[in-house]
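Add 302 to a position in the sequence shown, counting from 1, and you land on the number used in our numbering.
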Amino acid sequence: MISFILNDREYSTELPAGAVTLDLLRGEAGLSGTKEGCREGDCGACTVLLGTPLAQGIKYMAVNSCILPVGELSGRHLVTIEGVNLEKELSPIQQIFVEEGASQCGFCTPGLIMSLTGYLLGTVDPDDIGAADALAGNICRCTGYVSIRKAGKAVSLKIGYSPAECCSSSKHLEWLVEKEILPPYFLGIENMLKTMDAAEPDASESSASGKTVTVAGGTDLFALEAEELTNTDLRFLSRETEMNGITTQENRVLIGAGATVRDILDSEVFYNLGNLEPSLQLIASAGVRNRATVGGNIVNASPIGDLTIIFLALDAKLRISKGSDYREVQLKDFFSDYKVLDLSPDELLEGLEYTAPDFDTFINFEKVAMRKHLDIASVNSAASFIVKYNRIKKADISAGGVAPIPLYLEKTCDILTGNIISTGTARLAADTACDEISPIDDIRGSAVYKKLLLRRLILSHFIELFPHQIDLEDLL
Ligand SMILES: Cc1cc2nc3c(=O)[nH]c(=O)nc-3n(C[C@H](O)[C@H](O)[C@H](O)COP(=O)(O)OP(=O)(O)OC[C@H]3O[C@@H](n4cnc5c(N)ncnc54)[C@H](O)[C@@H]3O)c2cc1C
Ligand code: FES
Ligand code: FES
């Protein structure tokens, strides 16, 4: 039995922990306002809010219910479009959608409203750029995005700044209720969660297979194998809060495997790290970023995993546990072939660490995908250079989409050490990287195209990081 709060009341279900929340809502709970589109986290039609109780307050996030297992709901607050309706009138967000002509057939509209509500819950200073980003994972097939973006901008302008210091505080909720973005019942949810009896989802109840699958954010697992997972034993890492931290110890940065892309974006650790912060905004959509974890990205072993490519260039070291035993392995030695990892089924990736970049470190990430938002890369690459007196002391460069594994470009890194930053060095890096890879033709492009892309991305690292030392005309 899994118990949680669904909109304004307590709800319990006998569905297995691996069932999908979208099916619970539209089937068992009869709440058909949440729409079913792709069932792969790609269209945003099924967006809901998930509220997780903290020591003080509740942290709400927009998430895709089609890739959210029911086991994740236990002891939390699940909000659907029905749960943000006011009693007699449209909420200001709904009203603005009408005024801006941002809804035609209306199929995508509940998802858009929930994404925007999630954005307002997650920020104290909303603006049009943040609103547009929050809506980037919602696909609309008939209205057109200009009026939807205008609605997002109008909402953020109309609501203004929250008087609260932090978005999980009760003051922020009170302000959203006052502005009628949320109905008043939200103010009683924290107490309801404290008093409700929500046992942790018991994996052994859900299957007799004996096999337990680790679920971190579930954005890979449930996008690809939701049906197979319905009756499998699941271990939910989001409940193991000691794995979610992002901290620094002396000159090392430590990131728990359960930290999400959103956690990284919210932490100060990634500030001033070249273009990494805006680049992380290009990973999937807000709904997926709110759940997708570092550990999931690495263990999934996709040759184009964006986080993996970034952490390869930070020369990260992984911490792996088996019961109470621990071992460490460099991320660049973790992958040996397509989806073949140095991780046995009974081991857990606990987290990773890397040396905090200082003023001599220059970092850049580049990604080419078929579309800018909500797409995985055709080819991606990250680079980190330690430069002293214009000379490269250490280079770490990675490349995705050009090999069966996320690749650390060993030869390119070696050959660059000791070179001065110059147009010739940039060319040497691009030439060596292209010699070092052997991509294949696939749906994301031909081998020739991918080589060409990587060449351009390696040159881009130098152009972006050292604009005054690189002669563009000579280079291109
Ligand atoms: C619509 C959509 C868009 C996406 N866009 C991008 C994108 O732009 N860039 C990108 O890189 N990815 C993208 N992804 C892929 C995915 O979101 C990321 O790879 C994400 O980081 C996976 O993390 P997760 O926590 O959801 O993994 P999960 O799905 O929970 O797990 C993935 C695998 O890792 C295992 N696992 C997870 N954590 C651990 C651990 N700590 N120890 C051992 N095993 C573990 C799981 O058992 C599973 O086998 C996208 C996915 C979707 C659905
Ligand atoms: S149905 Fe498309 S994201 Fe969930
Ligand atoms: S209004 Fe029809 S799909 Fe968006």
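Note that CB positions come from ideal geometry on N, CA and C, so glycine has one too.
The structure presented is a predicted model; accordingly, all values stated were derived computationally and were not measured.
Euclidean distance between Cα positions of residue i and residue j
i      : j      : result
Thr610 : Leu414 : 30 Å
Thr657 : Val555 : 6 Å
Thr425 : Ile585 : 19 Å
Arg591 : Leu523 : 15 Å
Glu467 : Ile360 : 14 Å
Cys345 : Asp698 : 36 Å
Lys496 : Gly490 : 10 Å
Arg758 : Ala732 : 8 Å
Met494 : Gly385 : 16 Å
Gly726 : His379 : 57 Å
Leu711 : Val631 : 18 Å
Val381 : Lys690 : 53 Å
Lys624 : Ser762 : 41 Å
Gly403 : Leu643 : 50 Å
Gly329 : Pro371 : 15 Å
Glu544 : Gly560 : 8 Å
Element boundaries [alpha helix (DSSP H), containing residue i]
i      : result
Gln397 : Pro394 to Glu401
Ile431 : Asp430 to Leu437
Asp773 : Element bounds for Asp773: n/a, residue is neither H nor E.
Ala525 : Leu523 to Leu531
Reduced DSSP category for residue i - H, G, I as helix; E, B as strand; rest coil
i      : result
Ala731 : helix
Pro412 : helix
Ser508 : Here the model assigns Ser508 a pLDDT of 45, short of 50, so the residue's position is not dependable, and the following value carries that caveat. The answer is helix: DSSP assigns Ser508 an H, G or I state.
Asn493 : helix
Val479 : helix
Val448 : helix
Phe768 : coil
Tyr313 : strand
Phe664 : strand
Thr516 : strand
Ile760 : helix
Leu308 : strand
Asp693 : At residue 693 the sequence reads Arg, which differs from the Asp that was named. It is a strand residue.
Gly747 : strand
Gly726 : helix
Ser334 : coil
Met303 : coil
Leu676 : coil
Gly329 : helix
Asp737 : helix
Limits of the unbroken beta strand (DSSP E) element including residue i
i      : result
Thr257 : Nothing can be reported for residue 257: it is not among the residues displayed for the chain, which extend from 303 to 778.
Thr714 : No beta strand (DSSP E) contains Thr714, which is instead part of the alpha helix (DSSP H) from Glu712 to Leu718.
Phe488 : Careful: Phe488 lies outside any beta strand (DSSP E) and carries neither H nor E.
Leu536 : Asp535 to Phe538
Within-9 Å CB hit, residue i to chain C
i      : result
Cys410 : You won't find chain C in this structure, because it holds only one protein chain.
Exercise. Which residues, in chain order, sit with a beta-carbon under 6 Å away from any heavy atom of ligand 2?
Worked result: Glu338, Gly339, Cys340, Arg341, Gly343, Asp344, Cys345, Gly346, Ala347, Cys348, Asn366 and Cys368
Problem set entry | Shell residues, 7 Å Cβ cut-off relative to heavy atoms of ligand 3 | Ser405, Gln406, Cys407, Gly408, Phe409, Cys410, Thr411, Cys442, Arg443, Cys444 and Thr445
Exercise. Can you list the beta strand (DSSP E) stretches of 3 or more residues lying completely in the stretch 596–664, in chain order?
Worked result: 619–624, 627–632, 637–639 and 650–657
For this session: With a floor of 4 residues, list each alpha helix (DSSP H) that falls wholly inside the stretch 552–593, ordered by position along the chain.
Result: 563–568, 578–582 and 588–591
Problem set entry | Those runs of the beta strand (DSSP E) which lie wholly inside the stretch 340–405 and span at least 3 residues | 349–355, 360–366 and 379–381
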